[in-house]
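Below is one structure; the comments refer to it alone.
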Amino acid sequence: MDELLDRATAQTYASWFRALADPTRVQIVEYLARHARPMSVGEIVAAVGLAQSTVSQHLKILTEVRFVLMEPVGTARHYRINDACVGCFPSAADVVMGRPAPSPNGAC
6 MDELLDRATA
16 QTYASWFRAL
26 ADPTRVQIVE
36 YLARHARPMS
46 VGEIVAAVGL
56 AQSTVSQHLK
66 ILTEVRFVLM
76 EPVGTARHYR
86 INDACVGCFP
96 SAADVVMGRP
106 APSPNGAC
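Quick look at the structure:
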């Protein structure tokens with residue numbers, strides 16, 4: 006009988022899936038990934054068309070799981086996609102769907 010996915014890995018993957026369980030967060034991740042540069046909250050707000058406080062809350066959730074990284078720029082904060090972590094996400098989906106996991110690279 007096959008072994009069950011270990012609990013720590015399952016918890017990590019679940020946190021990733023929860024972070025993307027909102028369509029706005031999916032849009033923010035996609036937008037940052039497509040633009041591949043640090044962006045101000047104002048730029049992200051303009052793109053998604055929501056209030057700054059709402060976008061900031063979504064960014065907080067995305068930074069907690071490290072899909073998005075925050076960089077201080079003076080008194081402002083800029084956000085960028087974490088390519089290393091996002092690169093692991095398809096692997097998480099593969100493992101959950103029963104496909105073999107690639108060799109861990111320690112980037113996530």
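Counting in the working numbering, the final residue of the sequence shown is number 113, and the numbers go up one at a time with none missing.
No residue lacks a Cβ here, since even glycine has one placed at the ideal position from N, Cα and C.
Where residue i falls, given that 16 or more other Cβ within 10 Å makes a residue buried
i: Val-78; result: exposed
i: Leu-37; result: buried
i: Met-44; result: buried
i: Leu-10; result: exposed
i: Met-6; result: Residue confidence is low: Met-6 scores 43 on pLDDT, short of 50, so the model does not pin down where it sits. No coordinate-derived value is stated.
Residue i (DSSP reduced to helix, strand or coil)
i: Leu-67; result: helix
i: Met-6; result: Below a pLDDT of 50, predicted positions are generally treated as unreliable, and Met-6, at 43, falls in that range; the measurement from the model is reported next regardless. Coil at Met-6, not helix or strand.
i: Arg-42; result: coil
i: Arg-23; result: helix
i: Arg-30; result: helix
i: Arg-104; result: coil
i: Ala-81; result: strand
Proximal residues to residue i (C-beta, below 7 angstroms), its chain only, five neighbours per side dropped
i: Gln-32; result: Val-53
Contacts around residue i, its chain only, beta-carbon distance under 8 angstroms, and the 5 residues preceding and following it disregarded
i: Ala-24; result: Arg-30, Ile-66, Leu-67, Glu-69, Val-70, Phe-72
i: Asn-87; result: Arg-71, Phe-72, Val-73, Leu-74
CB contact flag (residue i, residue j, <9 angstroms)
i: Ala-97; j: Trp-21; result: yes
i: Met-75; j: His-63; result: no
i: Val-34; j: Val-46; result: no
Contact belief for residue i with residue j at Cβ below 8 angstroms, rounded distance in angstroms
i: Arg-42; j: Arg-12; result: About 37 angstroms; that fails the 8 angstroms criterion.
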